[in-house]
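In the working numbering, each number is its position in the sequence shown, counted from 1, plus 184.
All residues carry an ideal CB built from backbone N, CA and C; glycine is no exception.
All remarks here apply to the structure that follows.
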Amino acid sequence: MTAPDHDAIRVLSDADVRHFVEEGFVRLERAFPRELADQGRAILWRDTGCDPDNPATWTRPVIRLGQYGQEPFKSAANTPVLRAALDRLVGRGRWIPRPVLGTFPVRFPSPDDPGDTGWHVDASFPGDDEGDYLSWRINGSSRGRALLMLFLFSDVGEDDAPTRLRRGSHLDVARLLLPAGEAGMSFMELAGRLDITASRPEALATGEAGTVYLCHPFLAHAAQPHRGRRPRFLAQPPLAPAGPSPLHRADGEPSPVEIAIRLGQEAR
Numbered sequence: 185m186t187a188p189d190h191d192a193i194r195v196l197s198d199a200d201v202r203h204f205v206e207e208g209f210v211r212l213e214r215a216f217p218r219e220l221a222d223q224g225r226a227i228l229w230r231d232t233g234c235d236p237d238n239p240a241t242w243t244r245p246v247i248r249l250g251q252y253g254q255e256p257f258k259s260a261a262n263t264p265v266l267r268a269a270l271d272r273l274v275g276r277g278r279w280i281p282r283p284v285l286g287t288f289p290v291r292f293p294s295p296d297d298p299g300d301t302g303w304h305v306d307a308s309f310p311g312d313d314e315g316d317y318l319s320w321r322i323n324g325s326s327r328g329r330a331l332l333m334l335f336l337f338s339d340v341g342e343d344d345a346p347t348r349l350r351r352g353s354h355l356d357v358a359r360l361l362l363p364a365g366e367a368g369m370s371f372m373e374l375a376g377r378l379d380i381t382a383s384r385p386e387a388l389a390t391g392e393a394g395t396v397y398l399c400h401p402f403l404a405h406a407a408q409p410h411r412g413r414r415p416r417f418l419a420q421p422p423l424a425p426a427g428p429s430p431l432h433r434a435d436g437e438p439s440p441v442e443i444a445i446r447l448g449q450e451a452r
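Right, here's the structure in full:
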């Protein structure tokens with residue numbers, strides 16, 4: 185069977201790409217089939233140790249599950265639609281396909297504080313202690329990360345703890361990181377300076393199972409307590425670049441990810 189030609193699949197319009205550059209994310213509906221979400225969710229339910237039909241067993245506000253490479257997850261991360269979108273935002277040949285999906289923070293309806301709702305930008309390369317994620321770093325060229333991706337494995341409404349996104353905050357973060365040079369800032373150092381993004385309007389990562397949000401790696405985002413009735417299943421893997429991400433390329437046109445970084449760094 186012949187592999188699909190990504191050039192023949194155009195899933196993001198020019199307006200979508202402009203939205204990504206200016207707002208920092210794009211929502212890709214039906215990025216993977218609902219059937220894969222259902223299959224994956226069954227595996228995740230098993231690993232939570234909770235009974236999907238008995239809310240009395242949902243005793244914690246969040247349960248974090250590890251890397252998943254079984255067939256429904258691997259297939260969800262590599263659909264032709266998704267791959268075509270990644271080519272458009274990052275550049276064909278400039279990203280590494282994911283064999284697994286990242287951690288799943290499964291959020292349950294709960295009056296308890298989940299304890300992880302602060303605004304942050306995901307770090308992408310280790311600092312002094314590789315085992316301490318809070319010391320990992322982010323720099324102005326987004327070393328080690330091409331995108332943040334949010335894979336919805338359940339239907340997510342406004343009350344179902346959707347991830348909060350600060351529209352346009354990636355531009356502020358690009359400007360913040362510029363003076364820090366190649367070393368960049370640690371996860372905690374940058375998190376402590378995200379008050380400059382506080383005036384940015386918020387968006388919520390809602391949608392049907394099978395939706396994927398493709399987010400600029402500098403986008404400030406945050407979790408929130410679950411106020412609904414249905415547990416939320418979401419993967420949040422990074423997309424790794426295939427090589428360095430220079431902001432001024434000698435090997436072709438800059439990607440929308442790179443254009444957005446330059447836009448933020450050049451703003452005054």
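Just to confirm the assignment: which complete beta strand (DSSP E) runs, minimum length 3, are found wholly within the region 378-426? 386-388 and 396-399
At a threshold of 7 Å, does R411 count as lining the ligand MG (C-beta to nearest heavy atom)? Of the ligands one can find in the structure shown there are none, so the ligand MG has no counterpart to examine.
Report yes or no: do the region 205-217 and the region 396-415 share at least 3 C-beta pairs separated by less than 8 Å? Yes, they touch.
Once you ignore the five residues that flank D344 on each side, which residues in its own chain have a CB closer than 7 Å to its CB? H410, G412, R414 and R416
With distance defined between alpha-carbon atoms, name the residue in P438, S370 and T381 nearest to E314. S370
Where does the unbroken alpha helix (DSSP H) through I443 begin, and where does it stop? P440 to E450
Per DSSP, cross-strand counterpart(s) of P289: R248
Nearest candidate by alpha-carbon position, reference V246, set R278, D300 and F257: D300
For the putative contact between R350 and R384, defined by C-beta atoms under 8 Å, what is the C-beta separation to the nearest angstrom? 4 Å
When the Cα of T232 is compared with those of E219, R248, G224 and Q408, which residue comes out closest? R248
Anyone know if the C-beta pair for G448 and D379 falls short of 8 Å? no
Residue from A444, A226 and A424 with nearest C-alpha to E255: A226
Give the secondary structure of S319 by DSSP, where H, G and I count as helix, E and B as strand, and everything else as coil. helix
Buried or exposed: G208, going by 16 or more other Cβ atoms within 10 Å of its Cβ? It is buried - the Cβ of G208 has at least 16 other Cβ atoms within 10 Å.
How many Å lie between E206 and R446 at the Cα? 12 Å
If I follow the unbroken beta strand (DSSP E) through F209, where does it start and stop? F209 to L212
Report the partner residues of L334 according to the DSSP bridge assignment. DSSP lists Y397 as partners of L334.
Throw me the rounded Cβ distance for the A389 and P346 pair, which I believe falls under 8 Å. 5 Å
Take the Cβ of I280 as the centre, count every other Cβ of all protein chains shown within 10 Å, and call the residue buried at 16 or more, exposed below. exposed
Identify the residues that DSSP records as bridge partners of L362: which are they? BP columns for L362 are empty, so no partner.
Which of helix, strand or coil DSSP assigns to R329: coil
Answer with buried or exposed for T186, where buried requires no fewer than 16 other C-beta atoms within 10 angstroms of its C-beta. Unreliable placement is indicated for T186, whose pLDDT of 39 sits below 50; the coordinate value is still reported in the next sentence. Answer is exposed; the Cβ neighbour count stays below 16.
I need the straight-line Cα distance from A419 to T263, nearest angstrom please. 16 Å
Would you mind working out which of G368, L403, R359 and D312 sits nearest S353, comparing C-alpha positions? L403
Per the DSSP calculation, M369 is bridged to which residue(s)? I322
To the nearest angstrom, report how far apart V274 and L266 are at their CA atoms. For V274 and L266, the distance between alpha carbons rounds to 12 Å.
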